[in-house]
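Report on the structure given below.
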């Protein structure tokens, strides 16, 4: 399975590269020389950057995780593709949240956020368990992939979801800011 | 031809990665905060997942097949590209079936389904025949690529096509469910 | 420059893989259950297959050409990217010829056809000249990349272009058939 | 970090390959057999070529830069992705400049131009500083990546930006011509 593992790595990287780049196709361009249209375009660019950070962050963690592994099995293959299927929904959910910011869309975005993170934790666990049996090793690898922020981000996600039900418009800012904070902090440990 | 074979592997993987990812661009987003629009978006996401499973499954079988081969010839090159040409129609046919579910579209989808599977079997045969002459070896490789489900799925495809002529709306569910079942069962043997 | 050469190979392959796959995004889907709409979709699929053959053919020749080379220089880099720039216009010109088949579009398509082939010949020459000095070797490589059909196809292109001025609608069929014939014959020598 | 560095190289190349190719999707095709529509399509193709040159140029410099490096660190990862995020805005800003050429769009394009170049210089510096400590070596690498044109292009960018405020329509031609000139001259040193 070694050759297949390398091929899956390359395939996943290609899928993530496409996800991160096609998001720019969705940006609405200003059609008239009006300040309001430029503002709307600026907002769209901002949201593009946020999605870009989110996916770049996932790609980094994903690479760290699989660099450590030498081989794979069918179990990991299925978890990997379920993870990729949900990850590829991220841009379209970000687009929806831009288009109409209300309770439903913010909750949907928050739930997708938690699902993608959850699927990645499950995938990480399957990959690490395959190689290491010692609990110390497992902890060390998890730390390399996630930094120290994992527990904090997990609790934060659920807290924000509850708050989002009551204050959707305020919480969207927090949601959107999270990948940026995670992108910068995790790397600087 | 060894270097060319590796290059064709990478090229095919890139094409399949693009096929699997551009499908998400076709999803219609909800434009108003209405329950009916969210339902329609949910249905579109469901169909996206099904297409994702189908292509992921094909990618896995395709990788298994070519990992075993060391070289290629012009014959395999032509079969590979005919296979890829039909495979890349899969997303658009899935989109059509979503848009208008009637006898014509369901039959068209069913026929494409059988064509893609048939082309892959022919491709597999060309690849395997190039390397192995012993009948036992050929059987072993076919089993690795397809699992035990090959005959069953072949018969099922034709049965469903006949039924689809009489009950198009019911059969679309069966068609769409097949890649998901195949994705999960083949890997768990 | 060896590492850069490998990187340029991978980059070109990725660009060609994207060109060959995004063409399917342009296909207009049938919106109503009418025979005329299905016919139009069938025609679009046919043109997609033709473009697919053309690009697949180019990819094969391109791979054969660069597999033989060990290194590259700035001259080859510039010719490669000029070639890729024109190649990536192929899908949109094919789309235009489908949309409105008249003298202007058929001539434009024919001229692009000749430009792409001419740029590839110039690129081949630069790559081969870099490695071989003996005229016999140069001839041998040219034969490997192009088969015996090169002269024939060159003369045919110009003849068709002249005829296309007088009979645009008839000549479009010939133009569109050429990549398919080239795809099948070159490989079977 | 060596494996991660190679993976980041492949990922960046894939992102740049997608950026360079999806620009062709944005080209508006002529819908009627009118001279004015063909002219507009010709202008769009011209702008596509210019963006193609710009990105091809960046890809070449980027490859030269990273071929020299053996490893990477978190600092380089963050700078690389910030650079890619802004680079992927290039096609959409080029599209905007085509759509409506006025003072705002030309200034926006000019500023993006300077930002992308600035981010690439910062990235280069981080990559080179990691490996070399001797000032002579750093100068040598910078020269390999940029050629002799770096200072000239830097001063030119700022001069043009000032002029663009007063003569937006004239300066757009200069802006658009710069990547083409840079593409041809840098390589011919």
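Chains as they are written, first to last, in the working numbering: chain A, 336 to 524; chain B, 336 to 524; chain C, 336 to 524; chain D, 336 to 524. Built from N, CA and C at the ideal position, the CB exists for glycine as well. Since the structure is predicted, the reported quantities are computational estimates derived from the model, not experimental observations.
- Message: Which runs of the beta strand (DSSP E) at least 3 residues long sit entirely within the segment 365 to 438 of chain B? Give them in chain order.
- Response: none
- Message: Against chain D, with Cβ distances strictly below 9 angstroms, would residue 418/A count as a contact?
- Response: no
- Message: Taking only three categories from DSSP, how would you classify residue 467/D?
- Response: coil
- Query: Is the segment 349 to 357 of chain B touching the segment 384 to 394 of chain B in the sense that three or more CB pairs, one from each, lie closer than 8 angstroms?
  - Reply: As far as the Cβ criterion goes, the segment 384 to 394 of chain B touches the segment 349 to 357 of chain B, which means the pair count is three or higher.
- So which residues of chain B does residue 355/C contact, with C-beta pairs closer than 7 angstroms? Neighbours of residue 355/C on chain B, chain order: 350.
- What three-state label does DSSP hand residue 523/A in the structure shown? Note that residue 523/A scores a pLDDT of 46, beneath 50, so its modelled location is shaky and nothing firm can be said.
- What do you reckon, are the CB atoms on residue 429/A and residue 386/A nearer than 9 angstroms? Their beta carbons are under 9 angstroms apart, which means residue 429/A touches residue 386/A by this criterion.
- Along chain A, in chain order, which residues have C-beta atoms closer than 7 angstroms to that of residue 373/B? Chain-order list of chain A residues neighbouring residue 373/B: 439, by C-beta distance under 7 angstroms.
- Please report how far the alpha carbon of residue 345/D lies from the alpha carbon of residue 465/B, in whole angstroms. 32 angstroms
- Message: Could you check whether the Cβ of residue 346/B sits closer than 9 angstroms to any Cβ belonging to chain A?
- Response: no
- Between the segment 453 to 465 of chain A and the segment 402 to 422 of chain A, do three or more beta carbon pairs fall short of 8 angstroms? yes
- alpha helix (DSSP H) segment containing residue 350/A, residue limits: 337 to 357
- Residue-level contact to chain B via CB, residue 387/A, 9 angstroms cutoff: no
- Task: Answer with yes or no whether the minimum CB distance from residue 340/D to chain C is below 9 angstroms.
- Result: No, no contact with chain C.
- Task: Determine, using beta carbons only, whether residue 446/C and residue 365/D come nearer to each other than 9 angstroms.
- Result: no
- For residue 416/A, which residues from the same chain have a beta carbon less than 8 angstroms from its beta carbon, with the 5 sequence-adjacent residues on both sides left out? none
- Please confirm if residue 398/B has its CB atom under 9 angstroms from at least one CB of chain A. Chain A, which has a Cβ nearer than 9 angstroms to the Cβ of residue 398/B, makes this yes.
- Assign residue 502/D to one of three DSSP states: helix, strand, or coil. In the three-state reduction of the DSSP assignment, residue 502/D falls in the coil class.
- Query: Cα separation between residue 343/A and residue 347/B?
  - Reply: Computed Cα separation, rounded: 13 angstroms.
- Query: Given residue 373/B, which residues of its chain have a CB within under 7 angstroms of its CB, disregarding the five upstream and five downstream residues?
  - Reply: 365
- Message: Helix, strand or coil, according to DSSP, for residue 458/D in the structure here?
- Response: helix
- Message: Between residue 466/B and chain A, is any beta-carbon pair separated by less than 9 angstroms?
- Response: no
- Query: By DSSP, does residue 447/D sit in helix, in strand, or in coil?
  - Reply: helix
- residue 360/B by DSSP, collapsed to three states: which one? Helix at residue 360/B.
- 8 angstroms Cβ shell around residue 371/B - same chain, five flanking residues per side excluded: none
- Task: Have a look at 460/D, 379/D, 383/D and 452/D and flag the residue whose alpha-carbon is nearest the alpha-carbon of residue 421/D.
- Result: The shortest Cα separation from residue 421/D among 460/D, 379/D, 383/D and 452/D belongs to 452/D.
- Message: Measuring alpha carbon to alpha carbon, tell me which residue in 449/D, 412/D and 418/D is nearest residue 494/D.
- Response: 449/D
- Message: Taking the alpha-carbon of residue 339/C as reference, which of 367/D, 397/D and 423/D has the nearest alpha-carbon?
- Response: 397/D
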